[in-house]
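Enquirer: Mind looking over this structure? Questions follow.
Protein chains: 2
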Amino acid sequence: MADHIIKQAGLRMTAPRAKILDILARSGKRHMSADEVYRELQGDDAEIGQATVYRVLTHFVEAGLVSRQSFDGGHWVFELNRGEHHYHLICDRCGRIVEFADGLIAGRQSDIARKHGFDIRNHSLVAYGLCRNCQRSLARDAAPFDVRPDPTPEPGARRMAIRAPRATVDTPGDRPFLDPGIKTSAR
Amino acid sequence: MADHIIKQAGLRMTAPRAKILDILARSGKRHMSADEVYRELQGDDAEIGQATVYRVLTHFVEAGLVSRQSFDGGHWVFELNRGEHHYHLICDRCGRIVEFADGLIAGRQSDIARKHGFDIRNHSLVAYGLCRNCQRSLARDAAPFDVRPDPTPEPGARRMAIRAPRATVDTPGDRPFLDPGIKTSAR
DNA sequence: TTCAATGCAAACCGTTTGCAGTGTG
DNA sequence: CACACTGCAAACGGTTTGCATTGAA
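From first to last, the protein sequence lines stand for chains A and B. Just so we're aligned, residue 1 is where the first sequence starts under this note's numbering, counting upward by one. Just so we're aligned, residue 1 is where the second sequence starts under this note's numbering, counting upward by one.
In structure tokens, the structure reads:
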């Protein structure tokens with residue numbers, strides 16, 4: 001249950017919070033937008049407003065349960081905080097996301113920050129390009145332009161100029177989150 | 001003049017384009033939002049609409065003259081493309097931005113990408129924290145909360161939850177852009 | 001002379017906020 | 001029983017778009 005995790009984080013337990021944490025924990029997608037969380041909730045019985053989703057997610061971020069970032073300007077993307085800081089590889093075409101951690105980069109970056117007198121609290125590295133599959137697809141049908149990504153183009157996709165992903169899943173090393181007694185650094 | 005640069009990039013020359021490129025080139029700020037560009041234009045004689053600013057900037061990005069990114073979810077920030085890819089250190093408190101390039105990080109990252117089968121086209125590394133000045137200020141008046149940043153708080157600043165910069169200047173090694181015959185890779 | 005670029009204003013869309021009602025601690 | 005949390009709907013703010021007009025090539 002998500003219950004004790006929320007309390008351990010110093011938050012009041014409520015139904016919306018439990019459900020949202022649950023969704024983040026169980027969803028196939030590691031990275032979800034507020035709207036995706038909201039829609040997932042709709043299928044459920046209880047009525048939970050968008051505002052609540054945003055507020056709860058913000059609370060989670062502040063409490064350190066969840067991390068938030070925006071891949072290249074779109075909307076916010078939320079991700080359960082599994083403790084290990086990591087970076088992202090994103091496919092411009094299909095939206096596939098691959099996570100990776102790298103001490104060398106982290107160290108180098110913090111050296112540089114120190115040299116500039118910065119006290120770093122957070123950082124993100126995101127690389128955009130084509131995943132293996134999409135490289136293949138593109139080569140295969142050698143279509144010069146306007147090839148539709150294999151994963152469904154998603155109906156309400158706004159023309160995001162230049163770059164237009166809309167993340168789908170993918171990540172190595174899956175590990176349960178809610179079940180084991182995870183130690184939340186309460187605040 | 002910006003004229004031949006725009007043409008070299010394969011774009012039709014128009015007054016708005018010349019002016020906007022000029023502003024990006026001459027402004028003290030290396031990183032400008034569309035709105036900042038727009039406001040800078042207002043002081044000028046000619047009437048140029050916001051839509052045009054957005055459209056022109058988008059064209060510039062597509063032509064490779066300008067690069068665009070969003071520091072942690074806010075709006076887009078545009079920056080004249082000076083050829084050398086670089087990363088950013090951003091002060092959470094005053095918005096100061098420091099740029100740095102690092103081959104080691106770039107190399108490492110592209111190795112990792114290759115290992116995952118990705119063909120990277122672009123990447124960004126941004127680190128958030130406190131610059132030296134802000135660390136000092138905070139220590140000095142040891143105010144636990146709600147300290148106002150030294151650089152004016154900027155009136156229309158939306159409460160961006162968690163993080164709320166609003167960039168001001170700062171960058172090492174200034175180098176003119178428009179004057180020398182820069183080689184634009186036209187497309 | 002044609003078709004891309006512009007200006008204006010309205011539309012969009014993700015996110016935030018005000019307010020009255022609800023339910024946790 | 002107080003006060004944080006919720007739902008709803010309206011507000012917000014950055015960006016995009018439709019359409020008639022202008023102007024570069």
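Glycine included, C-beta positions come from ideal geometry on N, C-alpha and C.
Counting only runs of 4+ residues fully inside the stretch 90 to 122 of chain B, write out the alpha helix (DSSP H) ranges in chain order.
Expert: 103 to 115
Enquirer: Could you check which residue in B:Ile120, B:Gly73, B:Glu62 has the C-alpha nearest to that of leucine 80 of chain B?
Expert: B:Glu62
Enquirer: In angstroms with no decimal places, state the Cα-to-Cα distance between aspartate 72 of chain A and isoleucine 120 of chain B.
Expert: 14 Å
Enquirer: Identify which residue in B:His31, B:Asp35, B:Arg93 has its Cα closest to the Cα of glutamine 135 of chain B.
Expert: B:Arg93
Enquirer: What is the rounded straight-line gap between the Cα of glycine 107 of chain B and the Cα of glycine 49 of chain A?
Expert: For glycine 107 of chain B and glycine 49 of chain A, the distance between alpha carbons rounds to 45 Å.
Enquirer: Would you report the Cα separation of isoleucine 182 of chain A and valine 66 of chain A, rounded to the nearest angstrom?
Expert: A caution first: isoleucine 182 of chain A carries a pLDDT of 35, below 50, which makes its placement in the model unreliable, though a value can still be read off. Looking at the backbone, the Cα of isoleucine 182 of chain A and that of valine 66 of chain A are separated by about 13 Å.
Enquirer: Using a Cβ-Cβ cut-off of 8 Å, state whether glutamine 8 of chain A counts as contacting chain B.
Expert: Glutamine 8 of chain A has a beta carbon lying at 8 Å or more from every beta carbon in chain B.
Enquirer: Checking the sheet assignment: what are the DSSP bridge partners for serine 67 of chain A?
Expert: A:Glu79
Enquirer: I'd like the list of long-range same chain contacts for isoleucine 23 of chain B, defined as Cβ closer than 6 Å, with 5 residues on each side in sequence excluded.
Expert: Here the set comprises Val37, Glu40.
Enquirer: Can you pull the chain A residues whose beta carbon is under 9 Å from the beta carbon of glutamine 50 of chain B, in chain order?
Expert: Neighbours of glutamine 50 of chain B on chain A: none; closest Cβ ~15 Å, over 9 Å.
Enquirer: Suppose you measure from the CA of arginine 96 of chain B to the CA of cysteine 131 of chain B; what does that come to, to the nearest Å?
Expert: 7 Å
Enquirer: If you draw a straight line from the alpha carbon of asparagine 122 of chain B to that of glycine 64 of chain A, how long is it in whole angstroms?
Expert: Looking at the two C-alpha atoms, the distance is approximately 29 Å.
Enquirer: I'd like to know if cysteine 131 of chain A contacts chain B, where contact means its C-beta is closer than 8 Å to some C-beta of that chain.
Expert: yes
Enquirer: Using three-state DSSP, classify leucine 130 of chain A as helix, strand or coil.
Expert: strand
Enquirer: Quick check on histidine 85 of chain B: does DSSP put it in helix, strand or coil?
Expert: In the structure shown, histidine 85 of chain B sits in coil (DSSP, three-state: anything other than H, G, I, E or B).
Enquirer: Taking the CB atoms as reference points, tell me whether valine 98 of chain B and histidine 31 of chain B lie closer together than 8 Å.
Expert: no
Enquirer: Tell me histidine 4 of chain B's beta-bridge partners as DSSP assigns them.
Expert: According to the DSSP secondary-structure assignment, histidine 4 of chain B is paired through a beta bridge with no residue.
Enquirer: Let me know the secondary structure DSSP gives serine 137 of chain B once reduced to three states.
Expert: helix
Enquirer: Check the Cβ of arginine 108 of chain A against every Cβ in chain B and list those closer than 9 Å, keeping chain order.
Expert: Asp102, Leu104, Ile105, Arg108, listed in chain order.
Enquirer: Can you tell me whether histidine 88 of chain B is buried or exposed? The criterion is at least 16 other CB atoms within 10 Å of its CB, across all chains shown.
Expert: buried
Enquirer: Give me the DSSP bridge partner(s) of threonine 13 of chain B.
Expert: This sequence places methionine at residue 13 of chain B; threonine is not what is there. Partner(s): none; methionine 13 of chain B has no beta bridge.
Enquirer: Any idea what DSSP makes of isoleucine 20 of chain A, helix, strand or coil?
Expert: helix
Enquirer: In whole angstroms, give me the CA-to-CA distance for arginine 17 of chain A and isoleucine 6 of chain A.
Expert: 8 Å
Enquirer: What residues in the stretch 110 to 121 of chain B have a beta carbon less than 9 Å from any beta carbon of chain A?
Expert: Ser110, Ile112, Ala113, Lys115, His116, Gly117, Phe118, Asp119, Ile120, Arg121
Enquirer: Tell me which residues share the same chain as leucine 125 of chain B and place their Cβ nearer than 6 Å to its Cβ, disregarding the 5 neighbours each side in the sequence.
Expert: Tyr87
Enquirer: Roughly how many angstroms separate the alpha carbons of leucine 138 of chain A and cysteine 91 of chain A, rounded to a whole number?
Expert: 13 Å
Enquirer: Provide the residue(s) that pair with serine 124 of chain B in DSSP beta bridges, ordered along the chain.
Expert: A:Val126
Enquirer: Please name the residues in the stretch 23 to 34 of chain A whose beta-carbon is closer than 8 Å to at least one beta-carbon of chain B, in chain order.
Expert: Correct list: empty, as no residue qualifies.
Enquirer: Given a limit of 8 Å on CB to CB distance, which residues of the stretch 45 to 72 of chain B reach chain A?
Expert: Thr58, Val61, Glu62, Arg68, Gln69, Ser70, Asp72
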